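Structure, as structure tokens:
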Amino acid sequence: MSKPEPPEITGDKITIHTVKGGPLTTHLIPPEIVPYLEHFKPYATDYMSHMFLRMLDKVGIRVGAGYGWHSIRRALATELLLSDASALNILRFMRWSDASVKGEFGMLTIYAKKDQARIDQEIFKIHPFLPYWI
Numbered sequence: 115m116s117k118p119e120p121p122e123i124t125g126d127k128i129t130i131h132t133v134k135g136g137p138l139t140t141h142l143i144p145p146e147i148v149p150y151l152e153h154f155k156p157y158a159t160d161y162m163s164h165m166f167l168r169m170l171d172k173v174g175i176r177v178g179a180g181y182g183w184h185s186i187r188r189a190l191a192t193e194l195l196l197s198d199a200s201a202l203n204i205l206r207f208m209r210w211s212d213a214s215v216k217g218e219f220g221m222l223t224i225y226a227k228k229d230q231a232r233i234d235q236e237i238f239k240i241h242p243f244l245p246y247w248i
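Counting in the working numbering, the sequence shown runs from 115 upward without gaps.
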């Protein structure tokens, strides 16, 4: 796996270069997280997986194969849906590609206008994990 370019952090925004070579994505950074990124340095691609498993081990959570930090994204998508966020806003917030969306959302992702910053702000209001950063 190739190493991604380091993200560009500017104020309350971060631009991500993906390993898969997809389009650049810019994310708003919640105010709760900005201080943690002041001294950010990029890591190797598997570093976060090892760190995540170490954290789980320290709090006594044992997991099997195939469980990693990406599980947090799955949990977040589930919690946002349970918090009544629209499925389309969850799709946009998680930065899932329009091409990967099939079925009932297929055409909606093509025709719906998106204001990514507004979607991010709306999701921040109900994001289940942000309070833990304070």
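Think of the CB as a built atom: it goes at the ideal place given N, C-alpha and C, for glycine as much as any other residue.
All of these numbers come straight from a predicted model, not from anything done at the bench.
Item	Value
4 or more residues per run - each alpha helix (DSSP H) lying fully within the segment 131-205	161-172, 184-196
Proximity winner among Lys155, Leu194, Arg168, Glu119, relative to glycine 136 (alpha-carbon distances)	Glu119
Cβ-Cβ distance between alanine 199 and glutamate 236 below 9 Å	yes
Buried or exposed by the 16-neighbour rule on C-beta atoms within 10 Å, applied to leucine 205	buried
Three-state class that DSSP yields for lysine 228 in the structure shown	coil
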